[in-house]
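Residue numbering for the sequence shown follows my numbering, beginning at 271 and increasing consecutively.
No residue lacks a Cβ here, since even glycine has one placed at the ideal position from N, Cα and C.
Please read all numbers here as calculations on a predicted model, not as lab measurements.
Report on the following structure.
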Amino acid sequence: MLAARTPWEVRLDWSLSVLHWGSLALGIFLSGLSEGATPAFTLAALLASVYVVAMQALPRRLRHTDIIGEILAVSGVVVALLAISLTGGISSPYVLFLAAPSFFAGAFLGFRIGLETAILSSTGLLAVVAALQQEILTGSVLQAIALYVLIALTFSQARRLLVEERERGDALAAASALTMERMERLETAHSLLTSLSELANAAELNPVTVGEAALRDLAVVVPFRAGEVVMNDEDGTVVVARRGEPGESGAAQVFPMEIARNRLGHVALWPSGDRGLDAYRETVEVALRPVTLALDNIVLLRQIARRAVREERTRLSRELHDDVGPSLASLGLAIDMAIHQYPTAPELAGHLESVRRHVTNLVEDVRRTVSDLRHETMESLVEQAHRAAAEAGAEGPSIIVELTERRPPRPEVADQVGAVLTEALRNAVAHAEATSVRVRGVVERDRGWVSVVDDGKGFDPAIPPEGHFGLLGMRERVTKVGATLEVSSEPGHGTSVTVRWGS
Numbered sequence: 271m272l273a274a275r276t277p278w279e280v281r282l283d284w285s286l287s288v289l290h291w292g293s294l295a296l297g298i299f300l301s302g303l304s305e306g307a308t309p310a311f312t313l314a315a316l317l318a319s320v321y322v323v324a325m326q327a328l329p330r331r332l333r334h335t336d337i338i339g340e341i342l343a344v345s346g347v348v349v350a351l352l353a354i355s356l357t358g359g360i361s362s363p364y365v366l367f368l369a370a371p372s373f374f375a376g377a378f379l380g381f382r383i384g385l386e387t388a389i390l391s392s393t394g395l396l397a398v399v400a401a402l403q404q405e406i407l408t409g410s411v412l413q414a415i416a417l418y419v420l421i422a423l424t425f426s427q428a429r430r431l432l433v434e435e436r437e438r439g440d441a442l443a444a445a446s447a448l449t450m451e452r453m454e455r456l457e458t459a460h461s462l463l464t465s466l467s468e469l470a471n472a473a474e475l476n477p478v479t480v481g482e483a484a485l486r487d488l489a490v491v492v493p494f495r496a497g498e499v500v501m502n503d504e505d506g507t508v509v510v511a512r513r514g515e516p517g518e519s520g521a522a523q524v525f526p527m528e529i530a531r532n533r534l535g536h537v538a539l540w541p542s543g544d545r546g547l548d549a550y551r552e553t554v555e556v557a558l559r560p561v562t563l564a565l566d567n568i569v570l571l572r573q574i575a576r577r578a579v580r581e582e583r584t585r586l587s588r589e590l591h592d593d594v595g596p597s598l599a600s601l602g603l604a605i606d607m608a609i610h611q612y613p614t615a616p617e618l619a620g621h622l623e624s625v626r627r628h629v630t631n632l633v634e635d636v637r638r639t640v641s642d643l644r645h646e647t648m649e650s651l652v653e654q655a656h657r658a659a660a661e662a663g664a665e666g667p668s669i670i671v672e673l674t675e676r677r678p679p680r681p682e683v684a685d686q687v688g689a690v691l692t693e694a695l696r697n698a699v700a701h702a703e704a705t706s707v708r709v710r711g712v713v714e715r716d717r718g719w720v721s722v723v724d725d726g727k728g729f730d731p732a733i734p735p736e737g738h739f740g741l742l743g744m745r746e747r748v749t750k751v752g753a754t755l756e757v758s759s760e761p762g763h764g765t766s767v768t769v770r771w772g773s
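So, in structure tokens, the structure goes:
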């Protein structure tokens with residue numbers, strides 16, 4: 271028997287109650303009219319009444335179970351046959367009461383038990399009629415037997431159809447729920463794709479912004495209190511985006527980001543409650559597919575760009591060293607010879623000396639350029655800004671990078687300016703209590719400027735914070751490369767840190 275009750279079960283139950291009470295009342299009334307208040311009448315009425323009261327008193331869910339239901343069906347047949355035998359046999363008004371067990375068995379216990387109950391009722395009626403020495407093959411007997419069998423068959427088939435319809439409805443409901451779940455996953459994936467498309471159009475497609483977009487959109491459909499997007503690199507792993515605080519208790523659930531068995535990294539999510547995130551695993555996996563693809567494309571593009579840049583740097587350094595350098599050296603030698611050939615023309619010699627100095631400076635510039643080109647490839651300032659933003663954490667102030675880098679600065683300048691940029695970002699996140707931090711600037715090889723501006727609580731630059739030496743370290747770094755540091759701040763109005771170098 272099905273555990274859950276349906277409207278059709280309730281209706282059939284009420285119909286059974288009506289049949290029980292109606293056939294009992296009819297039996298008592300008609301047998302009282304025909305036989306009067308005899309002991310047999312009283313016993314038959316008592317047996318039938320006790321059965322009906324007991325049947326109705328039992329909880330519906332209990333009496334519809336297979337074992338108890340079979341006992342009640344057989345008991346009903348026995349009680350009805352006793353009442354029939356006490357009140358006149360085939361002419362007894364309790365013949366209709368005997369139909370109730372077949373109705374009950376067929377409607378609530380299934381086809382097999384319903385048919386067995388109808389056969390038991392028919393066989394018992396024939397036995398009672400025979401025991402009372404009444405004629406067996408009469409229209410009344412055959413009609414009663416046909417009624418019992420027909421009731422059992424009709425209501426058992428009706429039950430089968432209703433059960434099948436209910437199972438079909440449950441299957442449709444389950445399919446609908448699955449479809450809704452898939453739609454939610456698709457909506458999450460679509461939201462991520464839209465975010466990635468907007469980031470790409472805004473030229474902000476990098477691991478930090480992609481990771482932040484992934485955590486932001488996952489938070490809409492997955493209940494987690496904290497999350498991290500972690501990427502693998504040559505030196506290990508790096509957290510490119512973070513949301514929330516993991517806390518000291520509870521383990522994170524890890525969702526890998528893989529393409530063709532190449533693991534780019536993973537997303538770690540800390541559940542917001544005692545329940546885990548296993549029910550959301552498929553949702554997270556579907557949502558991470560465009561994120562993984564975007565990160566993979568970023569990595570591939572950077573690898574291709576770095577390889578192309580490295581090859582071009584090697585080619586340029588070789589040409590400068592092998593072609594331009596010797597040509598300039600030859601030019602310098604020719605100027606020296608011209609100076610010695612015209613010692614009596616001081617004005618001409620002065621011009622040649624000036625040209626010789628320019629050539630010498632140009633040779634030195636070529637040598638420095640060759641050295642820079644042969645230098646180990648470093649991250650650009652834009653890449654350093656994004657990496658610093660990721661290390662500073664995505665939870666807290668929003669970090670906006672608006673840095674235009676036409677040509678990266680020389681390695682020694684990039685090293686020091688990048689360190690100042692990183693320190694300024696960390697200070698803005700850790701101490702300024704800012705809601706937004708903006709990195710701006712223009713970089714053009716030998717000159718440029720980079721500014722980190724926040725809207726935090728600010729401070730008085732004339733009174734450095736006790737125990738903090740960040741500003742002192744920044745000034746020492748910029749001094750090494752001939753750059754300048756400008757710090758503008760006042761309490762309650764944020765802070766601006768700007769580095770300038772070159773002419």
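For residue i, collect the residues of the same chain with a Cβ closer than 8 Å to its Cβ; drop the 5 residues on either side in sequence, then sort them by chain order.
| i | result |
| --- | --- |
| residue 763 | 728 |
| residue 366 | 293, 296, 297 |
| residue 759 | 728, 729, 730, 731, 765, 766 |
| residue 318 | 294, 297, 298, 349, 350, 353, 364, 367 |
| residue 277 | none |
| residue 754 | 748, 769, 770, 771 |
Excluding sequence positions up to five away, which residues of its chain have a Cβ less than 6 Å from the Cβ of residue i?
| i | result |
| --- | --- |
| residue 711 | 673, 719, 720, 721 |
| residue 493 | 542 |
| residue 652 | 673, 675 |
| residue 377 | 282, 425, 429 |
| residue 305 | 311 |
| residue 363 | 296, 297, 300, 301 |
| residue 740 | 693, 697 |
| residue 393 | none |
| residue 508 | 501 |
| residue 756 | 768 |
| residue 272 | For residue 272, the predicted model reports a pLDDT of 40, less than 50, meaning its position is unreliable and no value from the coordinates is stated. |
| residue 419 | 388 |
| residue 761 | 728 |
What residues in its chain sit with their C-beta under 7 Å from that of residue i, if we drop five residues either side in the sequence?
| i | result |
| --- | --- |
| residue 345 | 321 |
| residue 703 | 726, 727 |
| residue 747 | 686, 689, 690 |
| residue 751 | 682, 683, 686, 771 |
| residue 315 | 298 |
| residue 391 | 347, 368, 371, 372, 418 |
| residue 514 | 495, 496, 497, 665 |
Quick one, are the C-beta atoms of residue i and residue j less than 8 Å apart?
| i | j | result |
| --- | --- | --- |
| residue 477 | residue 510 | yes |
| residue 516 | residue 496 | yes |
| residue 502 | residue 481 | no |
| residue 347 | residue 308 | no |
| residue 422 | residue 355 | no |
| residue 350 | residue 368 | yes |
| residue 678 | residue 650 | yes |
| residue 290 | residue 370 | yes |
| residue 524 | residue 558 | no |
| residue 695 | residue 713 | no |
| residue 383 | residue 343 | yes |
Considering just the uninterrupted stretch of the beta strand (DSSP E) at residue i, what are its terminal residues?
| i | result |
| --- | --- |
| residue 494 | 494–503 |
| residue 745 | Where residue 745 is concerned, there is no enclosing beta strand (DSSP E), although the alpha helix (DSSP H) it sits in stretches over 740–750. |
| residue 526 | 523–529 |
| residue 286 | It is not in any beta strand (DSSP E) - residue 286 instead sits in the alpha helix (DSSP H) that spans 277–305. |
| residue 312 | Careful: residue 312 lies outside any beta strand (DSSP E), inside the alpha helix (DSSP H) at 309–327. |
| residue 758 | 754–759 |
| residue 372 | Unbroken run through residue 372 is the alpha helix (DSSP H), 369–378; no beta strand (DSSP E). |
If you follow the alpha helix (DSSP H) that residue i is part of, which residue opens it and which one closes it?
| i | result |
| --- | --- |
| residue 341 | 336–356 |
| residue 538 | Taken as a continuous stretch (DSSP letters only), residue 538 belongs to no alpha helix (DSSP H), being part of the beta strand (DSSP E) at 532–541. |
| residue 685 | 681–700 |
| residue 389 | 381–401 |
| residue 710 | It is not in any alpha helix (DSSP H) - residue 710 instead sits in the beta strand (DSSP E) that spans 706–714. |
| residue 717 | Run containing residue 717: none in the alpha helix (DSSP H); it sits in the beta strand (DSSP E), 717–724. |
| residue 482 | 477–491 |
| residue 333 | 330–333 |
Please report whether the beta-carbon of residue i lies at a distance below 8 Å from any beta-carbon of chain D.
| i | result |
| --- | --- |
| residue 700 | Looking at the structure shown, chain D is missing, and only one protein chain is on hand. |
Our contact map puts residue i next to residue j with C-beta atoms below 8 Å; I'd like the distance itself, whole angstroms only.
| i | j | result |
| --- | --- | --- |
| residue 561 | residue 484 | 4 Å |
| residue 381 | residue 286 | Incorrect: roughly 17 Å between the Cβ atoms, too far for contact. |
| residue 358 | residue 398 | Rounded, the Cβ-Cβ distance is 10 Å, inconsistent with contact. |
| residue 709 | residue 670 | 7 Å |
| residue 633 | residue 608 | The Cβ separation is near 17 Å, so there is no contact. |
| residue 529 | residue 487 | Contact flag wrong, Cβ pair sits at about 20 Å. |
| residue 411 | residue 432 | No, residue 411 and residue 432 are not in contact; Cβ-Cβ is about 32 Å, not under 8 Å. |
| residue 606 | residue 626 | 7 Å |
| residue 564 | residue 539 | Not a contact, Cβ separation roughly 19 Å. |
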